[in-house]
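First the structure, in the form of structure tokens, and then the observations on it.
Protein chains: 2
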Amino acid sequence: MRALIVDDNRVDLALDRAEPVPAPGEVLVRVLVAGICETDLQLIRGYKGFRGVLGHEFVGIATTGRFAGQRVVGEINCSCWTCDTCRAGRPGHCPSRTVLGILGHDGAFAEYIAVPDRNLHRVPDKVDTDVAVFAEPLAAAFQIPAQLPIARTDRIVVLGDGRLGNLCAQVLARESDHVTVAGKHPSKLALLERLGISTRVVNASGLEAGFSNQSQEGADIVVDCTGSAAGLATALELVRPRGTIVLKTTIAGEQTLSLAPVVVDEITIIGSRCGPFDLALEALAAGRIDARTLIHDRFDLTDGVRALQRAAEPGVLKVLIDVGADAG
Amino acid sequence: MRALIVDDNRVDLALDRAEPVPAPGEVLVRVLVAGICETDLQLIRGYKGFRGVLGHEFVGIATTGRFAGQRVVGEINCSCWTCDTCRAGRPGHCPSRTVLGILGHDGAFAEYIAVPDRNLHRVPDKVDTDVAVFAEPLAAAFQIPAQLPIARTDRIVVLGDGRLGNLCAQVLARESDHVTVAGKHPSKLALLERLGISTRVVNASGLEAGFSNQSQEGADIVVDCTGSAAGLATALELVRPRGTIVLKTTIAGEQTLSLAPVVVDEITIIGSRCGPFDLALEALAAGRIDARTLIHDRFDLTDGVRALQRAAEPGVLKVLIDVGADAG
């Protein structure tokens, strides 16, 4: 089968990759469409030393299992379900987990992917395949309200106007009336403005004067979706005393910063990763999230290397990879 | 009056310092006993650039106000009570606050200190003055259960066996049955063992093998009282996925560390500072906290410089400064 393979800091299209052999409990899924995420670009640059088929955002047709013949999306953590962590209700943190297209498990930029049956969710009929492919990143955005209570009066700043920042802002704007996105790209911010979410342009020298003064105190919650080492320091400047910073993006390598303000101002910092697929699919089915305007380009799997290059260009939001036809 | 004055990275005894003049709302308190804290030692080394009378842990006799003639302890943050932050219920974070002996306000290593009347708490008759002087650091320890819910089954590790680590461990051991203190000083750890709190010796090369395996998963809560830049990195190694790290000590300067584990393991980091005096005094009155065994030495105010040197020696817990007699 055709597949995009990452190895030794480069990615190539293979034409004769063997189809994955499902392990016990796994289902072979025929991929229809896949989405490119910032993590994919980091993996190509060597993050986590991953080798194999890239890709973890996908919609496909299950060939067997509970949803045989139906459109499915899949949670990415493949857990053992027997260790202390899994039994404590934290399977996403299973120490022996593999992760689709990220850690020890081939991914979705291929004609077929093997996925644990219990990881699959059926795509509601009314959700188009191009929209359903956002289930995984949108679930990650829904993890924020799952982790911390949000009030309608909370002043929230989302740092970063990229793929994840956009989805986080849309999710949070349903919980609070005071969401502002701070980003570098006027065209990306315009998408959010059109959805009624307020935005601010930041430049290389930082935030414009007065930005932190949403109130005298600063923001109740700052969500860092910058993917930049500077994100946390900026968040610490913007958050009010006893406020909360949500770290949404992993930064490879070490960072240098002063943590004294965390103690003096009694800040809470919460790391946030994967989230609830059911809420994401429900929101997409109800049309409460605008995913379609995030699609900036699409390529056939055969042009997958170009697709990845395109996704790395500044100003580009979601790039899709068309893999197979939905023949039903 | 006599007073210990910090200025230009040194501390000296003044014999003729003018008595403080209480501002509106302030009360003149005649100091009986004061305690030396790690922050005092940092202030002498230049932290925050403080100049003036040092000291923020004290018991005294109020000369006027609500508690005139009675023994009092005092909260250290002097707030404006009119700004957004104060009106939002966070006076301890008032941006224009002064802090007794720390920021813009003379402290308690002197015969008299001026304190806002509303900051004062009467010392219950049954609490000895030497014990009441622990109200301020003990309140800081009580801030931890005030910030996060703690279950009896929570596995808690306190990093650091110093003054604050000891008090935090004692407070947390009343909430959970699984508190362990990791420290470098066998004599300090022995005090905790005698109170029924389990301990582990750590050395320069880190924690002993197997320490993190309280369970397969790691600790639910790690409290960093090390006062060291390495504390957070150690805490990240010990905490379980979705666990909580409480940062209890400020570290001057910048630190370098990798924050990716915070996101991947969805860790919560909470900064924690001053706490509820009422709970601290109640616990001291009920004899639920052993403060007395922490008193390692005491000096008259006239020997205050020696007292500060003594408090900086390794292995020394609380050093008290005797200022005035409790003539009533």
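Quick mapping for you: the protein sequence lines, in order, are chains A and B.
Residues in the first sequence are numbered from 11 upward in steps of one, following my numbering.
Residues in the second sequence are numbered from 11 upward in steps of one, following my numbering.
No residue lacks a Cβ here, since even glycine has one placed at the ideal position from N, Cα and C.
Computed from a prediction, not measured in an experiment: that's the story for all the values here.
(request) Say yes only if the C-beta of A:L148 is nearer than 8 Å to one or more non-hydrogen atoms of the ligand COA, and no if none qualify. (result) With respect to small molecules bound, the structure shown includes none, and the ligand COA cannot be examined in it.
(request) Using beta-carbon positions only, say whether A:C284 and A:E185 come within less than 9 Å of one another. (result) no
(message) I'd like the list of long-range same chain contacts for B:A149, defined as Cβ closer than 6 Å, with 5 residues on each side in sequence excluded.
(response) G285, P286, F287 and A290
(request) Select from the segment 273–284 of chain B all residues with a C-beta closer than 8 Å to any C-beta belonging to chain A, and list them in chain order. (result) V273, V274, D275, E276, I277, T278, I279, I280, G281, S282 and R283
(request) Work out the CA separation of B:H115 and A:H66 for me, nearest whole Å. (result) 57 Å
(request) Would you list the one or two residues that DSSP bridges to A:N87? (result) A:V109
(request) Can you pull the chain A residues whose beta carbon is under 7 Å from the beta carbon of B:P251, in chain order? (result) T95, R100 and H103
(request) Just the C-alpha distance for A:Q157 and A:L257, rounded to the nearest angstrom, thanks. (result) 12 Å
(request) Compile a chain-ordered list of the residues in the segment 251–269 of chain B whose CB is closer than 8 Å to at least one CB of chain A. (result) P251, R252, L257, K258, T259, T260, I261, A262, G263, E264, Q265, T266, L267, S268 and L269
(request) Write down every uninterrupted run of the alpha helix (DSSP H) in the segment 157–190 of chain A whose length is 4 residues or greater and which is fully enclosed by it, in chain order. (result) 173–182
(request) Quick one: grab the DSSP three-state call for A:E292. (result) helix
(request) Could you pull the start and end residues of the alpha helix (DSSP H) that B:I54 belongs to? (result) E48 to I54
(request) Name, in chain order, the residues that DSSP records as bridge partners for A:V41. (result) A:G70
(request) Would you verify that the beta carbon of A:P271 is, or is not, closer than 9 Å to some beta carbon of chain B? (result) yes
(request) For chain B, find out if any of its Cβ atoms is closer than 9 Å to the Cβ of A:L242; answer yes or no. (result) yes
(message) Applying the 10 Å Cβ sphere with the 16-neighbour rule, what's the burial state of B:A262?
(response) exposed
(message) Considering only the alpha carbon of each residue, which of B:G35, B:P32 and B:R40 lies closest to B:A13?
(response) B:R40
(request) Give every residue of the same chain whose Cβ lies closer than 8 Å to the Cβ of A:D336, excluding the five residues on either side of it in the sequence, and list them in chain order. (result) L42, I71, R81 and T139
(request) Tell whether a beta-carbon distance below 9 Å holds between B:L205 and B:D171. (result) no
(message) Under 9 Å, Cβ to Cβ, is there at least one residue of chain B near A:Q80?
(response) no
(request) Answer yes or no: does any C-beta atom of chain A fall closer than 9 Å to that of B:L14? (result) no
(message) Measuring straight from C-alpha to C-alpha, what distance separates A:C235 and B:V333?
(response) 54 Å
(message) Do B:V272 and A:I279 count as a contact pair if the criterion is CB distance below 9 Å?
(response) yes
(message) Taking 9 Å as the threshold (C-beta atoms), are B:V232 and B:T254 in contact?
(response) yes
(request) Indicate whether A:A229 and A:V167 have their beta-carbon atoms separated by less than 9 Å. (result) yes
(request) Indicate whether the contact test is met: 3 or more Cβ pairs, each with one atom in the segment 307–320 of chain B and one in the segment 100–115 of chain B, closer than 8 Å. (result) no
(request) Report the partner residues of A:L257 according to the DSSP bridge assignment. (result) A:D234 and A:G281
(message) Our contact map puts B:L64 next to B:G117 with C-beta atoms below 8 Å; I'd like the distance itself, whole angstroms only.
(response) 5 Å
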